[in-house]
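Enquirer: One structure follows; several queries about it will come next.
Protein chains in written order, with the numbering used here: chain P, 258 to 721; chain S, 124 to 287.
Given below as structure tokens:
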């Protein structure tokens, strides 16, 4: 049954003080509505119990993100898009930025708010496990004043919270003490966007000399409330990650959860997935150690090099001098993320002659002879990337050679494709399709492909 | 407190496709219904009516929203752009043209929403990767084309705009 709008009242005061006094005058009567991604769904279905709504959408007091030295304070009215775009959240609280990216499609991310996600109190909400592992605290406001409490205490049962009838969530505070932790997030669902998760995990960990110094693991959709796995965390702390530890972590995690059967999944499936997710987190945490050590060493060395040598060292990842100079000027770069972002920004701003220089540093697909301008490193990477082509059957190879020649006649340069992981026939199909492009379109498509090749090579350079 | 609130129909003003409009509506009426029924802008479609399908996408102050989830009171003072406001007079927007040429539309119900989502994406990221296009359109469901032509159309529009 569709709701009849004439049965509802709605106010939109423009100050927080007016809203809390409204909530105080008739406690439990006025329902706050922010972006409407939950409330309007109930309303449209005729299932909304409240008849009086008060809009808190876009209220300046609730839509600020304040970065203080010890913590970040996120207004409860900030949208998922606000969270995704905020630099400190992306860098220091990546689990929250990732969860924001998983929640709904873009239109819902533009309207759904972190405060709404918390009061809606769904055990399946994607952002709540992240708040648990980051030790979030909430500031609640009412005419009686403000109170601050740990988010971990806030959810008391299925869709139950400590929010009083006259209160509103004002701020979500995250302490800035997880820099340098390894983060792991995973959503298991039918689809990333728009689908509610069957299980999701947010986890943080830190190793010292191969021993788990700290592990923080939280899950969604496995209990009436978002759940922190405190027992599992306890048994992994102080241990090295080996197969015995994985086994006991699996068992402990399975014993901590209280999953149910519902329309999205079964309790048995959820329990199995939880065991796997916890094990996956620990394995990745262990792998990350060698990876970050290597990455750190490579970058520390490169950051110290004289500029000409830095350019020379990174050049094989792309082939364009202007790109390599741009990268060297951006030093010091301290991790994979900043390297990849810098590379992407520089590459997009280059001119077609610079792109051509990069294209020309590759051997023709299916041909082992490197181009004359390629370095030894670049030639070796090319042969790894094109490995699948070498194994292809003779007919495909011959077709590829023909199509390559046609491409070169048509566009006057060699065909560039990010070949890593592609079979010879996939490459051939890509090549044939791109032969239909006009010159301008094809130039940009080739540049896009070169950008992908560069990213793959940068990762190899950092970690091998 | 004024418990009468704004229960009765009241005047709500906002800009639609560049023109100032004032409507008489109940405050919780859905922006979607006001656009379609009062303003006769029927290009905006209703699909699921619960924010899952993106058919009713419009831009509100430049931001992509599902108009089925916006109570019209929240649109007061804003600037709304619907599919009717995308073309410049008789000449189609690059995204519309690309949808036509790449076969990005079939039954047409999702198309207005897809085009607005694509415009929003290209405003934020003028040169999106294919991955970014898929993500930008992930809240818009199509039951006809299988998405390939839609993604291709957006990529094509991006190429034309950046090389124009």
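Glycine included, each C-beta is placed from N, C-alpha and C at the ideal position.
(1) With a threshold of 7 angstroms on Cβ separation, who are the neighbours of residue 127 of chain S within its own chain once the five nearest residues in sequence on each side are excluded?
(2) Using a Cβ-Cβ cutoff of less than 6 angstroms, which residues in the same chain neighbour residue 124 of chain S once the five nearest sequence positions on both sides are dropped?
(3) Just reading off the alpha helix (DSSP H) that residue 717 of chain P is part of, what are its end residues?
(4) Assuming residue 513 of chain P contacts residue 486 of chain P under a Cβ cut-off of 8 angstroms, what Cβ separation, rounded to an integer in Å, is found between them?
(5) For residue 665 of chain P, collect the residues of the same chain with a Cβ closer than 7 angstroms to its Cβ; drop the 5 residues on either side in sequence, then sort them by chain order.
(6) Starting from residue 457 of chain P, follow the beta strand (DSSP E) in both directions and report where the run begins and ends.
(7) Using 8 angstroms as the Cβ pair cut-off and three pairs as the minimum, do the region 472-480 of chain P and the region 379-391 of chain P touch?
(8) Please return the same chain residues whose Cβ sits closer than 6 angstroms to the Cβ of residue 286 of chain P, not counting the five positions on each side in sequence.
(9) Pairing CB atoms from the region 175-192 of chain S with CB atoms from the region 355-365 of chain P, are three or more of them under 8 angstroms?
(10) So which of S:138, S:234, S:153, S:283 has the shortest CA-CA distance to residue 265 of chain S?
(11) Pick helix, strand or coil for residue 640 of chain P, following the three-state DSSP scheme.
(12) Report the three-state DSSP secondary structure of residue 284 of chain S (helix, strand or coil).
(13) Using beta-carbon positions only, say whether residue 372 of chain P and residue 482 of chain P come within less than 8 angstroms of one another.
(14) Check the C-beta distance from residue 713 of chain P over to residue 674 of chain P and give it rounded, since I have them as a contact under 8 angstroms.
(15) Do you know offhand how far residue 281 of chain S's Cα is from residue 221 of chain S's?
(16) If you drop the 5 nearest sequence neighbours on each side, which residues of the same chain put their C-beta closer than 6 angstroms to that of residue 227 of chain S?
(17) Would you say residue 234 of chain S faces chain P, with C-beta separation under 8 angstroms as the test?
(18) Within 10 Å of its beta-carbon, does residue 147 of chain S have 16 or more other beta-carbons around it, so buried, or fewer, so exposed?
(19) When DSSP labels each residue in this structure, what does residue 598 of chain P get in the three-state scheme?
(20) Anything in chain P within Cβ reach of residue 177 of chain S, meaning under 8 angstroms, just list it in chain order.
(21) Along the chain, where does the alpha helix (DSSP H) that runs through residue 299 of chain P open and close?
(22) When you compare only the Cα positions, how much space is there between residue 722 of chain P and residue 335 of chain P?
(23) In or out: residue 197 of chain S buried (at least 16 other Cβ within 10 Å) or exposed?
(24) Let me know the secondary structure DSSP gives residue 126 of chain S once reduced to three states.
(25) When the Cα atoms are used, what is the spatial distance from residue 561 of chain P to residue 555 of chain P?
(26) On the three-pair Cβ rule with 8 angstroms, is the region 388-406 of chain P touching the region 457-476 of chain P?
(27) Is residue 605 of chain P close to chain S, meaning its C-beta is less than 8 angstroms from at least one C-beta of that chain?
(28) Starting from the C-beta of residue 409 of chain P, find all residues in its chain whose C-beta is less than 7 angstroms away, skip the five residues before and the five after it, and write them out in chain order.
(29) Classify residue 604 of chain P as helix, strand or coil using the three-state DSSP reduction.
Expert: Reading it off the structure:
(1) Its pLDDT being 40, under 50, residue 127 of chain S is placed unreliably in this model, and the value from its coordinates should be taken loosely. Cβ neighbours of residue 127 of chain S beyond the five flanking positions: none.
(2) Caution is warranted here: a pLDDT of 37 is assigned to residue 124 of chain S, below 50, making its placement in the model unreliable, and no coordinate value can be reported.
(3) 696-720
(4) So it is a contact: roughly 5 angstroms between Cβ atoms.
(5) Short of 7 angstroms from the beta carbon of residue 665 of chain P, and not among the five residues preceding or following it, lie these beta carbons of its own chain, in chain order: 671.
(6) 456-465
(7) yes
(8) Excluding residues within five positions, the ones whose Cβ falls inside 6 angstroms are 309.
(9) yes
(10) For the residues S:138, S:234, S:153, S:283, the minimum Cα distance to residue 265 of chain S belongs to S:234.
(11) helix
(12) Helix.
(13) no
(14) That belief does not hold up - the Cβ atoms of residue 713 of chain P and residue 674 of chain P are roughly 12 angstroms apart, past 8 angstroms.
(15) When the Cα atoms are used, residue 281 of chain S and residue 221 of chain S turn out to be separated by approximately 9 angstroms.
(16) Around residue 227 of chain S: 272, 273, 276.
(17) no
(18) So residue 147 of chain S counts as exposed.
(19) Here residue 598 of chain P sits in helix by DSSP.
(20) The CB of residue 177 of chain S comes closer than 8 angstroms to the CB of 362, 364 in chain P, given here in chain order.
(21) 296-301
(22) Here chain P covers residues 258 to 721 and nothing more, so residue 722 of chain P does not appear.
(23) That one is buried.
(24) Because residue 126 of chain S sits at a pLDDT of 38, beneath the cut-off of 50, its placement in the model cannot be relied upon, and the following sentence gives the value as read from the coordinates. DSSP places residue 126 of chain S in coil when its eight states are reduced to three.
(25) 10 angstroms
(26) yes
(27) Answer yes: the Cβ-Cβ gap between residue 605 of chain P and chain S drops below 8 angstroms somewhere.
(28) 389, 485
(29) helix
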